[in-house]
Amino acid sequence: MAVPSNFLLFSASLLFFIVSPSIQASFRPKALVLPLTKDASTNQYVTQIKQRTPLVLVKLSLDLGAESLWVDCDQNYVSSTYKPARCNSAQCNLAKSKSCGSCFDGPKPGCNNNTCSLLPSNSFKSIGTIGEVAQDVVAVQSTDGKSSGKVVSTSKFLFTCGATLLLDGLASGVTGVAGLGRTKISMPSQFSVAFSFPRKFAICLGAPNGVIFFGDGPYTFLGRNIDISKSLMYTPLILNPVSTAPAYFEGDPSSDYFIGVRGISISEKPVALNKTLLSINKEGHGGTKISTAAPYTVLQTSIYKAVVRAFIKEIPGIPRVPAVAPFGACFNSKSIGFSRVGPGVPVIDLNLPNKVVWRIFGFNSMVEVKDDILCLAFVDGGLEPTTSIVIGGHQLEDNLLQFDLAASRLGFSSSLLFRQTNCANFNFTSAA
Ligand SMILES: *[C@@H]1O[C@H](CO)[C@@H](O)[C@H](O)[C@H]1NC(C)=O
Ligand SMILES: *[C@@H]1O[C@H](CO)[C@@H](O)[C@H](O)[C@H]1NC(C)=O
Ligand SMILES: *[C@@H]1O[C@H](CO)[C@@H](O)[C@H](O)[C@H]1NC(C)=O
1 MAVPSNFLLF SASLLFFIVS PSIQASFRPK ALVLPLTKDA STNQYVTQIK QRTPLVLVKL
61 SLDLGAESLW VDCDQNYVSS TYKPARCNSA QCNLAKSKSC GSCFDGPKPG CNNNTCSLLP
121 SNSFKSIGTI GEVAQDVVAV QSTDGKSSGK VVSTSKFLFT CGATLLLDGL ASGVTGVAGL
181 GRTKISMPSQ FSVAFSFPRK FAICLGAPNG VIFFGDGPYT FLGRNIDISK SLMYTPLILN
241 PVSTAPAYFE GDPSSDYFIG VRGISISEKP VALNKTLLSI NKEGHGGTKI STAAPYTVLQ
301 TSIYKAVVRA FIKEIPGIPR VPAVAPFGAC FNSKSIGFSR VGPGVPVIDL NLPNKVVWRI
361 FGFNSMVEVK DDILCLAFVD GGLEPTTSIV IGGHQLEDNL LQFDLAASRL GFSSSLLFRQ
421 TNCANFNFTS AA
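Heads up: the sequence shown runs through residues 1 to 432, numbered per full-length UniProt numbering.
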């Protein structure tokens, strides 16, 4: 749903001053850390922050590509420090809001006059709405990269007011979305400015637990006590000039993170694919993005069929069993060997520019759907999806991904299981 920019009043006047965050005490953290848990019934990755005055715990579903943090302001939003962003303010400018409006049943959080709005969305259900931009206190734990440390807060954290209807399909207990997208008001951008640390963040998804880091490494995991930030492979992040969000204003670029997949190989043999689908066209269609809103990687139909066919060809002698939806190729796991990185199946490579390869091993390519049944964990996205390849949660688990916003590049670790650790192994026991 593209909302034309003249849909609501748009004021072009820009104010040039910096939104200065205020930091509690004089302690300046080097990085911040948030816990992640995987919700078993929705497959969503759920995190939590503290927000408002007095502080309350707010559970949020992680949406890597979402433009901002949004929370439900319709219900139970009580805070003495809530401040709506007034039209034409520095906050509205930073949020790149294209709409300014009034509200008739306020004043209350989410409903104030002369405020700017964004279009918060729920990518899990592909729905969006219009919501007031506001600021409030946010508190999170700092980290030295080895364990979690003291709680720090910023009093002017910008977010968007969602609505109760926008919570549809989100994990139980969740009242909003943690947006880490490519914007100036996403959580990583705001934390970097508020605490003056590098514009980098990392996600490490896991079941049942994982972690998000804001700021640079070290990102150290128990087990081997290794700093994963020191051994990443890198590929450029690509900007899609057309929004890929469920709701957006005409002219908005995408806040999703795209990478330049040039081909897919299985057992190191290239799969024949329609290359047109791998690049982003002028409507913003095509290409490859990373998404925590898709539980499994979604491939455009012709890519999906070619990958499934090639995979079956490379796994002879393993009995196939009837497919279990939404998967198209399932096998009897009794005939498959296991190693540290999961089922011993053909490796799937995403071929990136400069001969960089993102290698997917059995732990990330296969999913156990029932006892003794393993399925290839990719799903058919239909003939005309907006994005041809959406790399989803299952393929990301126990891999660390670092997004370097200043250098516009993605660092990725490949499976941490090779290094005898995993994403659940961050030490969340704070120093007293
Ligand atoms: C907004 O302004 C209108 C009049 O312009 C008024 O009727 C309404 O009560 C105001 N709402 C709020 C939330 O202040
Ligand atoms: C490749 O994909 C493009 C974009 O969907 C389509 O227009 C074209 O017909 C496809 N080519 C082949 C050979 O299928
Ligand atoms: C976790 O961190 C705490 C605080 O720094 C430390 O006391 C504890 O020994 C660490 N745990 C492990 C297993 O290293």
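Cβ coordinates follow ideal geometry from the N, Cα and C atoms, glycine included.
Residue i - DSSP class collapsed to helix/strand/coil
i	result
Asn122	strand
Lys184	coil
Leu62	strand
Cys204	strand
Val46	strand
Lys98	coil
Phe426	coil
Val19	Low confidence applies here, because Val19 scores a pLDDT of 40, under 50, leaving its location unreliable and the question unanswered by this model.
Asn274	coil
Ser231	coil
Ala194	helix
Val71	strand
Arg409	strand
Ile280	coil
Glu93	Residue 93 is actually Asn in this sequence, not Glu. Three-state result, Asn93: helix.
Arg224	coil
Leu416	helix
Ile130	coil
Thr164	helix
Leu170	coil
Burial state of residue i, where buried means 16 or more other Cβ atoms lie within 10 Å
i	result
Val78	exposed
Gln402	buried
Gln300	buried
Leu34	buried
Ser231	exposed
Glu67	buried
Leu57	exposed
Ala406	exposed
Asn425	buried
Ser22	Summary for Ser22: the model assigns pLDDT 46, below 50, so the residue's position carries little reliability; its value from the coordinates is reported in the next sentence. By the 10 Å Cβ count, Ser22 comes out exposed.
Lys275	exposed
Leu383	exposed
Asp105	exposed
Arg28	exposed
Met340	Here the sequence assigns Arg to residue 340, which means Met is not the residue at that position. Exposed, by the Cβ-count rule.
Gln24	Because Gln24 carries a pLDDT of 44, less than 50, the predicted location of this residue cannot be relied on, and the following value inherits that uncertainty. With fewer than 16 Cβ atoms within 10 Å of its Cβ, Gln24 is classed as exposed.
Asp371	exposed
beta-carbon residue i near ligand 2 non-hydrogen atom, thresh 7 Å
i	result
Thr276	yes
Contact under 8 Å by Cβ, residue i with residue j
i	j	result
residue 434	Phe249	The question about residue 434 has no answer, for the chain in this structure spans 1 to 432.
Gly128	Ser117	no
Tyr296	Gly381	no
Lys108	Gly169	no
Trp358	Phe311	no
Ile373	Asn399	no
Val307	Phe378	yes
Ile226	Thr421	yes
Thr292	Gly393	yes
Lys50	Ala139	yes
Gly110	Asp63	no
Pro385	Val298	yes
Ala171	Ser61	yes
Met366	Val345	yes
Leu158	Ala95	yes
residue 441	Pro241	Lying outside 1 to 432, the shown extent of the chain, residue 441 is not represented and no answer is given.
Lys38	Gly179	no
Proximity test, residue i beta-carbon vs ligand 3 heavy atom, cut-off 7 Å
i	result
Asn427	yes
Leu222	yes
Ser142	no
Ser430	yes
Ser89	no
Ser79	no
Ser302	no
Ser147	yes
Check: residue i C-beta below 7 Å from any heavy atom of ligand 1
i	result
Gly106	yes
Cys92	no
Cys73	no
Ser123	no
Asn422	no
Cys111	yes
Ser117	no
Ser102	yes
is_contact[residue i, chain B] using C-beta, thresh 8 Å
i	result
Arg320	Checking the listed chains, one finds no chain B in this structure; it contains a single protein chain.
- Item | alpha helix (DSSP H) runs contained entirely in the stretch 307–382, provided each spans 4 or more residues | Whole alpha helix (DSSP H) segments, 4+ residues: 362–365.
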